[in-house]
Amino acid sequence: MDYLIIVIGAVFVNNIVLNRFLGICPFIGVSSKVETAIGMTGAVAFVMTLATIITYLLQNYILIPFGITFMQTITFILIIASLVQLVEIILKKVSPPMYQALGIFLPLITTNCAILGVAILAVQNNYNLLESVVFGLANAIGFGLALIIFAGIREHLEFMNVPKAMKGVPIAFVVAGLLSLAFMGFSGIV
Amino acid sequence: MKQWQNFSKGFIKDNPVFALFLGLCPTLAVTTSAYNGLGMGLATTFVLVMSNLVVSIIKNLIPAKVRIPTFIVVIASFVTMVEMLTEAFVPDLYEQLGIFIPLIVVNCLVLGRSEAFASKNDIVSSIIDGLGMGLGFAMALTVLGAVREILGSGSLTLIPELLEFTLYEGDGMLVFVLAPGAFIALGYLIMLADKLKQKMY
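Chains X and V, in that order, are what the protein sequence lines are. According to numbering that gives the first Met the number 0, the first sequence is numbered sequentially starting from 0. According to numbering that gives the first Met the number 0, the second sequence is numbered sequentially starting from 0.
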């Protein structure tokens, strides 16, 4: 039951993009096509889940016993940076077309605040290992959900008659605001 | 003259938020009041100036292949400093900004300036670039914070208890303090900033 609450809370109620404002850069950047949005989601899901596990172990078996929790930011970001490198190498080997499609955004996962943010939030919420994994995965799903819905809307937006001054990024933000408003309907469930 | 352009480009022409769309996560998340926006902006400015300084000093010592990890470690050290300083001296702001202080380390603006500017330019230009970009970022956050606070709760807080104004009594448009208002207000501000830019340049 606890796990279900974590999942619903992370995917709908406190959606990582629309409510917590983490990972806005890829949300605006790679959301012009549904296909790339799906690829990005896959990469983020993989890195986010792994990062949550490793940072959990690091926090509880190294940082806390040695009393160096102030090193949290530096160590976490280094772990994430190496993980991203790993994913990049694997993807280049296994699926070159996907690697081509994601292009510049793969290294940018390092500076995707969603990954570091979720790792820090899992530590702050005092989750145990299994809860951290569920939390990481659920947030990745929430990220994917928001990204793919938004990409779908933006594909249609291309053909809409938008006022000239609002074309491009401004209208994207207003749409994101409305999407966020829709997600607010979920508040109070958990 | 060249240095003045280097400094002033961060305000309108290449404003990190309104023109380059960098560092949007803290921009949207912490701007529930003008004070929070200003605090976040100044914290980021400190990190940006210091990391630009260090990167431009060590730029010739770093092998090109490991430059990004090196930049991240430099930035993370200064972020840890900011984290400790805000916790010690402005605990209420630390509480308000919460997770977004450690997240300065993944602010694309900071890494972006290290990579695009400080690793190619001399020390003085890098400091000025960091200062201009940082203050431009702080300005954008303060403006967005002010808009959301005025529309949402009818007040304007630049410094609590010192520069605090109440503009109208009663309920404002609550949505502007909540998450959706951040997106919508930023969308309209980007549009206005773009118009302003076209007028000026």
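A virtual CB, placed ideally from N, CA and C, is assigned to each residue, including glycine.
Residue i vs residue j beta-carbon contact at 8 angstroms
| i | j | result |
| --- | --- | --- |
| Ile15 (chain X) | Val117 (chain X) | yes |
| Phe17 (chain V) | Ala181 (chain V) | no |
| Phe26 (chain X) | Leu115 (chain X) | no |
| Arg112 (chain V) | Asn51 (chain V) | yes |
| Asn106 (chain V) | Thr44 (chain V) | no |
| Gly131 (chain V) | Asn5 (chain V) | yes |
Reduced DSSP secondary structure (H/G/I, E/B, other) of residue i
| i | result |
| --- | --- |
| Phe164 (chain V) | strand |
| Ile158 (chain V) | strand |
| Glu157 (chain X) | coil |
| Phe185 (chain X) | helix |
| Leu21 (chain X) | coil |
| Asn138 (chain X) | helix |
| Asn51 (chain V) | helix |
| Leu60 (chain V) | coil |
| Pro64 (chain X) | coil |
| Thr30 (chain V) | coil |
| Leu19 (chain V) | coil |
| Ile15 (chain X) | coil |
| Tyr126 (chain X) | coil |
| Val81 (chain V) | helix |
| Lys92 (chain X) | helix |
| Gly171 (chain V) | coil |
Neighbour list for residue i in chain X, Cβ cutoff strictly below 8 angstroms
| i | result |
| --- | --- |
| Leu27 (chain V) | Phe20, Ile23 |
| Met201 (chain V) | Beyond the ends of chain V as shown, which are 0 and 200, falls residue 201 (chain V); an answer cannot be given. |
Neighbour flag for residue i against chain X, beta carbons, 8 angstroms
| i | result |
| --- | --- |
| Ser62 (chain V) | According to the sequence displayed, residue 62 (chain V) carries Pro and not Ser. False, the Cβ-Cβ gap to chain X never drops below 8 angstroms. |
| Lys198 (chain V) | no |
| Lys83 (chain V) | Before going on, a small fix: residue 83 (chain V) reads as Met here, not Lys. Taking Cβ atoms only, chain X reaches closer than 8 angstroms to Met83 (chain V), which makes this a yes. |
| Lys12 (chain V) | no |
Any chain V beta carbon closer than 8 angstroms to residue i
| i | result |
| --- | --- |
| Val86 (chain X) | no |
| Leu146 (chain X) | no |
| Ile76 (chain X) | yes |
| Asn111 (chain X) | yes |
Amino acids of chain X, ordered along the chain, whose beta-carbon sits closer than 9 angstroms to that of residue i
| i | result |
| --- | --- |
| Gly186 (chain V) | Met165, Val168, Pro169, Ile170, Ala171, Phe172, Val173, Val174, Ala175, Gly176 |
| Lys1 (chain V) | None at all; the shortest Cβ gap to chain X is about 30 angstroms. |
Proximal chain V residues relative to residue i, where beta-carbon distance stays under 8 angstroms
| i | result |
| --- | --- |
| Met183 (chain X) | Leu177, Ala178, Pro179 |
Under 7 angstroms by beta carbon: chain X residues contacting residue i
| i | result |
| --- | --- |
| Thr79 (chain V) | Phe69, Thr72, Ile73 |
| Lys119 (chain V) | Under the 7 angstroms cutoff, chain X gives no residues; its nearest Cβ is about 19 angstroms from Lys119 (chain V). |
Partners in chain V for residue i, counting only beta-carbon separations shorter than 7 angstroms
| i | result |
| --- | --- |
| Ala80 (chain X) | Pro68, Ile71 |
| Ser179 (chain X) | Ala178, Pro179, Phe182 |
Chain-ordered neighbours of residue i on chain V, where CB pairs are closer than 9 angstroms
| i | result |
| --- | --- |
| Ile27 (chain X) | Phe20, Leu23 |
| Leu90 (chain X) | Here the premise fails: no neighbours, minimum Cβ distance about 18 angstroms. |
| Val17 (chain X) | Sequence inspection shows Leu at residue 17 (chain X); the Val mentioned does not correspond to that position. Within 9 angstroms Cβ-Cβ: Ala178, Pro179, Phe182. |
* **Residues within the stretch 30-62 of chain X neighbouring chain V, beta-carbon criterion of under 8 angstroms** => Cβ contacts with chain V: none found.
* Asked: Along the stretch 45-77 of chain V, what residues have a CB closer than 8 angstroms to any CB found in chain X?
  -> Ile67, Pro68, Ile71, Val72, Ala75, Ser76
* **Members of the stretch 111-136 of chain X near chain V, C-beta cut-off 9 angstroms** => Asn111, Cys112, Ala113, Ile114, Leu115, Gly116, Ile119, Leu120, Gln123
* Using a Cβ-Cβ cut-off of less than 8 angstroms, list which residues of the stretch 82-106 of chain V approach chain X; keep chain order. => Glu82, Met83, Ile98, Pro101, Leu102, Val104, Val105, Asn106
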